[in-house]
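Okay, so here's the structure we're looking at.
Residue numbers (the working numbering): 147 to 909.
Okay, here's the thing in structure tokens:
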């Protein structure tokens, strides 16, 4: 009898020991955060997890769990602001390398192309840049991959994930290799993230063929019990007039989420519909997964006799983390470039010590990403078991030789602008970019041709040359006039050449030394009493203006920023000759009848400051200051003095409006901004400015001469309230602006795009 009982006990113990549990996590984008709640509930109730498999977001959560991270650690990691940045492609302000950035332009889309006997354009419709994501996956998962010796069965718990090979139209199952590659491939959703190439295969999101890899977990692991977590569903049937629904059904195969072979439980939280990259409800989804798992915990517990010990789990996790080799990088390998191009990249990577850390590499990675001659860099870390160091490889894809950009501003009123830009890229042991940009609109038109040559070195530097033409016709900024029926009475044109030498002072700071040389021309009437037969007066100014500029910029957007700061200090000295030619309108003083010439010598100091700070619940506050100081003398008459003065213009419409009471040779403007997030990509933005001229430029009504007012005579206020929606192409804004001292005190502007123009000659 004793022997029989002993045998039964042994058999029971063996059966209990042999009982294995697999967890399968579906895709689902942001809704996949519910998987974290599922894992939390299972661990809290001591339910064992022996294997894990996932697709897309399920691959991310499953890969982190298989790497030895607890559900609490995964939750903390994936709900942090840093996660949202890499999921949106936003580079942290510490790594925005301003030195490499070309001047801002109003482009919406960029289209690279090659020309080798025929035109070959490359359209990139992926909405989210993956530079941050690629480095983050490598950073987090390189250690676990090395600890498992690149075998997914040797991770903290065995792991599988799925990607799609679109060439062969087959699912690819990852069992070994770089864990970061596997996870990155599995979540490469078409039109959101770029696919990656592994072993010559271009791989996309695994959900295209298997969004719930329960069959793979059952086949590879042979578990006794499967717990499935569903955060996705099949798309509705395609509709005749709905292209999106047609694409969804073309790209994504139907998945049977109810199929769980053997014993199993399906956890299916009610998560609703939302954008796959909208992470604003992450905590809510985690809670939903947790609650739905708790609701089924008795059913799950009845299927599984084994239980885990939290202390044992913690010890096992610690043991696995201790297996991870410390990341010390011995060698850097550049792939995808010729020898001369590799030299250019290697010369950019500063190696102050024999072994590099991830912190060192991260700085160099983002420095290279900022180079507009490089399209992308995919990083990988391999552990060398002989040296016990890591080898870092950069798979580099250089930018196509040709680039065309389209953009501008679509708005109510007369502020519409079009933009086309062209660039030719050259990459060898040094890099060059040759560009041509064209702006066209009713108020502003401009053209610029330029070249920039970058020289890599311990202290890199560049030289650039530009020819710029700017033309503003303020007469056309109102719909009360029809073109050509009346002569324009306020026209500014600029033609000048720029030459600059630049070096980086830090990641976000550059120093420029150079000069502008050219010719300015103003056409105007001294009064509004003119006819179409009259000839306008003209003031021209030929000049040479050397300058030293220190500029620091890590703002997160080129318009309507919410993070980072910009500081600019400029000292310019201007040498020039003013020439006045009178028009045919009546003038009361002989001063305006004869031609007039005068030499001018003056300095111009410009300080610009714009910075944003976090408040609460995503709200931001911005502080602004701009100061212009100059000892410039007044021109021959009031109108030419005003046209040549500096204008304070913080709003979209102010950049294309002649604001007489916001112009001076020296002024100070202070501002405060408040940004409140309303919904995903929506924000309410309010701005308030106080403008103070040092001395206002005033007119002698009898002679049309200009004279200065008393010092700090009076202040002016500007304010704006805007609702802004940030799209991948550009911002959509609805703005109400207030100008205290302007004929139209309130303006309303609805716009899409950017109000960004060529730089002025003397600013």
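Every residue gets a Cβ at the ideal spot worked out from N, C-alpha and C, and that includes glycine. This one's a predicted model, so the numbers in the text were calculated from it and none came from an experiment.
Asked, Found
"Would residue 532 be called buried (16 or more neighbouring beta carbons within 10 Å of its own) or exposed?", "exposed"
"Check the C-beta distance from residue 700 over to residue 242 and give it rounded, since I have them as a contact under 8 Å.", "4 Å"
"Hey, residue 829 and residue 878: beta-carbon distance below 8 Å or not?", "no"
"Once the 5 residues before and after residue 734 are set aside, which same chain residues still bring their CB inside 8 Å of it?", "Confidence in residue 734 is poor, its pLDDT being 49 and thus under 50, which makes the residue's placement unreliable; the coordinate value appears in the next sentence. Closer than 8 Å at the Cβ level, and outside the excluded window around residue 734, lie 848, 849 and 850."
"If contact is defined by three or more beta carbon pairs under 8 Å, each pair taking one atom from either stretch, is the segment 180 to 197 in contact with the segment 227 to 237?", "no"
"Residue 860: buried (16+ other C-beta within 10 angstroms of its C-beta) or exposed?", "exposed"
"Roughly how many whole angstroms lie between the Cα atoms of residue 438 and residue 458?", "26 Å"
"Who does residue 582 pair with in a DSSP beta bridge?", "568 and 595"
"Measuring only the C-alpha atoms, how far is residue 328 from residue 606?", "36 Å"
"Can you name the residues that DSSP bridges to residue 317?", "310"
"Rounded to whole angstroms, how far is the Cβ of residue 660 from the Cβ of residue 690, which I believe are closer than 8 Å?", "Not a contact, Cβ separation roughly 12 Å."
"Taking the alpha-carbon of residue 595 as reference, which of 667, 249, 766 and 708 has the nearest alpha-carbon?", "249"
"In three-state terms, what does DSSP make of residue 752?", "strand"
"Do you know whose CA, among 756, 574 and 298, lies nearest residue 712's CA?", "756"
"Terminal residues of the continuous beta strand (DSSP E) containing residue 445?", "Careful: residue 445 lies outside any beta strand (DSSP E), inside the alpha helix (DSSP H) at 443 to 449."
"State the Cα-Cα distance for the pair residue 354 and residue 317, rounded to the nearest angstrom.", "8 Å"
"Report the option in 337, 298, 295 and 351 whose CA atom is closest to the CA atom of residue 311.", "351"
"Could you tell me how far apart the beta carbons of residue 359 and residue 308 are, in whole angstroms, since I believe they sit closer than 8 Å?", "5 Å"
"Could you check whether residue 289 and residue 523 sit closer than 8 Å to each other, using their CB atoms as the reference points?", "no"
"In chain order, what residues of the same chain have a beta carbon less than 7 Å from the beta carbon of residue 890, not counting five sequence neighbours either side?", "none"
"Enumerated in chain order, which unbroken segments of the beta strand (DSSP E) with a length of 3 residues or greater are wholly contained in the segment 184 to 210?", "197 to 201"
"For a test of the three-state rule: what should DSSP assign to residue 966, helix, strand or coil?", "This structure cannot settle anything about residue 966, because the visible part of the chain is limited to 147 through 909."
"Over what stretch of residues does the beta strand (DSSP E) that includes residue 854 continue unbroken?", "852 to 857"
"In or out: residue 450 buried (at least 16 other Cβ within 10 Å) or exposed?", "buried"
"How is residue 329 classed by DSSP in three states: helix, strand or coil?", "helix"
"Could you give the C-beta distance for residue 592 and residue 251, rounded to a whole number, given that I count them as a contact under 8 Å?", "Wrong, their Cβ atoms sit about 11 Å apart, outside the cutoff."
"Output the boundary residues of the beta strand (DSSP E) element that contains residue 363.", "Premise fails: residue 363 lies in the alpha helix (DSSP H), 360 to 367, not in any beta strand (DSSP E)."
"So what's residue 609 in DSSP terms, helix, strand or just coil?", "strand"
"If you reduce the DSSP assignment to three classes, tell me which class residue 545 lands in.", "coil"
"For residue 927, count the other beta carbons within 10 Å of its own beta carbon; 16 or more makes it buried, fewer makes it exposed. Which is it?", "Missing from the structure shown is residue 927; the chain here goes from 147 to 909 and no further."
"Straight-line CA distance for residue 212 to residue 174?", "19 Å"
"Could you pull out every residue in the same chain whose Cβ sits closer than 8 Å to the Cβ of residue 209, ignoring the five residues on either side in sequence?", "200, 287, 305, 307, 325, 328 and 329"
"Can the beta-carbon of residue 575 be found closer than 8 Å to that of residue 482?", "no"
"For residue 589, which three-state DSSP category applies?", "coil"
"Going straight from the alpha carbon of residue 165 to that of residue 334, what length do you get?", "34 Å"
"For residue 706, I'd like the list of residues in its chain whose CB is within less than 6 Å of its CB, leaving aside the five on either flank, ordered along the chain.", "870 and 877"
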